[in-house]
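Numbering (UniProt numbering), first residue to last: 1 to 370. First the structure, in the form of structure tokens, and then the observations on it.
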């Protein structure tokens, strides 16, 4: 199959044990290699079959939009529309015609305030079930100028549903190991903490830190976040006045990863007073996710990728064998083949190489989005 490796990655991702807040955004991004789409989303439902939380492929940098979207979606799904929606999926695997929900769908606030601004014209919706109960929808989108989703694509999505359901049930891992480096951005701020300029990446990372998951009843952490960053600016200014203050750096962790904020003094070229502060933001994702991304594109068999994943996480040969239920001699055989294919000679070389490959892949993806 043309997309066999990409589908294998999606399955491995869903079975990685990472939380749904980490897995689902990566799934929405990675599925585009199999089903061309964009601005994809997941809508989570409560026991009353009402949308209550939303996980997006990309964070929404507009605070007003991030608070408005959950409210509009929840209001749209009246009991009548919800019953019609669920009833459709009893006999159909996917939904591609939004007018089934409402024949005037393209005149509703749902379409004109949410779908239309992001050019989400063509849709492919699949209902996700756990133990016979609907728990949410995977929503893939295409802009108006592209073709609707074809029959092959509609038939493929239901095949991945069991893996998505598995990912949604993964327990929260309190002992996540994060990568020491990640994507970063820069904000230019005043000494008082007001943002003057912001890079494209910083805008998205700040949004991800403020509202990693959209909820119908939740609120953004933006006000608290900006207050904390303003304090870092004041701390740095105090230090440059020769006084004591806390270090101008801060580590914040939410369901999407760890965010490191650090303030740096910026002097004006003419040495005039009133300099600016550069605030860097670094997003450190779970190490397992970065390793999985890097392994996806490598010429390794499925079992070799499993072995490489465990090896990069620091497992010994014996622990790898126990985890994968294979003999120690088989582990050594896989390791030899991995070393040859990746042109490395020691196990300590594997993780640094994978992280370099992963960064290259992410940089390419970011340049395409820009």
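Cβ coordinates follow ideal geometry from the N, Cα and C atoms, glycine included.
Residue i: first and last residue of the uninterrupted beta strand (DSSP E) it sits in
| i | result |
| --- | --- |
| residue 263 | 257-266 |
| residue 188 | 183-189 |
| residue 193 | No beta strand (DSSP E) contains residue 193, which DSSP labels as neither H nor E. |
| residue 53 | 51-56 |
| residue 87 | Segment 79-91 is the alpha helix (DSSP H) holding residue 87; no beta strand (DSSP E) there. |
| residue 282 | 276-284 |
Whole-angstrom C-beta distance between residue j and residue i, which should lie under 8 Å
| i | j | result |
| --- | --- | --- |
| residue 67 | residue 28 | The pair is not a contact, with the Cβ atoms about 21 Å apart (cut-off 8 Å). |
| residue 341 | residue 300 | 6 Å |
| residue 193 | residue 233 | 4 Å |
| residue 35 | residue 153 | 5 Å |
| residue 141 | residue 40 | 6 Å |
Close-in-space but distant-in-sequence residues of the same chain around residue i (CB under 6 Å, 5 per side omitted)
| i | result |
| --- | --- |
| residue 305 | 295 |
| residue 89 | 127 |
| residue 334 | 304, 307 |
| residue 59 | 204, 207, 208 |
Limits of the unbroken alpha helix (DSSP H) element including residue i
| i | result |
| --- | --- |
| residue 142 | Careful: residue 142 lies outside any alpha helix (DSSP H), inside the beta strand (DSSP E) at 133-142. |
| residue 307 | 302-312 |
| residue 320 | 317-324 |
Where residue i falls, given that 16 or more other Cβ within 10 Å makes a residue buried
| i | result |
| --- | --- |
| residue 343 | exposed |
| residue 290 | buried |
| residue 69 | buried |
| residue 307 | buried |
| residue 256 | buried |
| residue 213 | buried |
| residue 368 | Only weak support is given to the placement of residue 368: the predicted model assigns it a pLDDT of 46, under 50, and the question is left unresolved by the model. |
| residue 20 | buried |
| residue 120 | buried |
Cutoff 7 Å; reference residue i; Cβ partners in own chain excluding five residues on either side
| i | result |
| --- | --- |
| residue 148 | 96, 122 |
| residue 374 | No answer is possible for residue 374: the residues shown for the chain start at 1 and end at 370. |
| residue 52 | 44, 45, 46, 215, 216 |
| residue 265 | 236, 240, 275, 277 |
| residue 49 | 82, 86, 134 |
| residue 101 | 81, 84, 85 |
Contact set for residue i: own chain, Cβ-Cβ below 8 Å, skip 5 residues either direction
| i | result |
| --- | --- |
| residue 231 | 193 |
| residue 190 | 196, 233, 276, 277 |
TODO: Spell out a yes or no on whether the segment 118-133 and the segment 83-97 are touching, meaning 3 or more CB-CB pairs, one atom from each, closer than 8 Å.
DONE: yes
Task: Three-pair Cβ contact test at 8 Å for the segment 14-27 versus the segment 160-173 - done: yes
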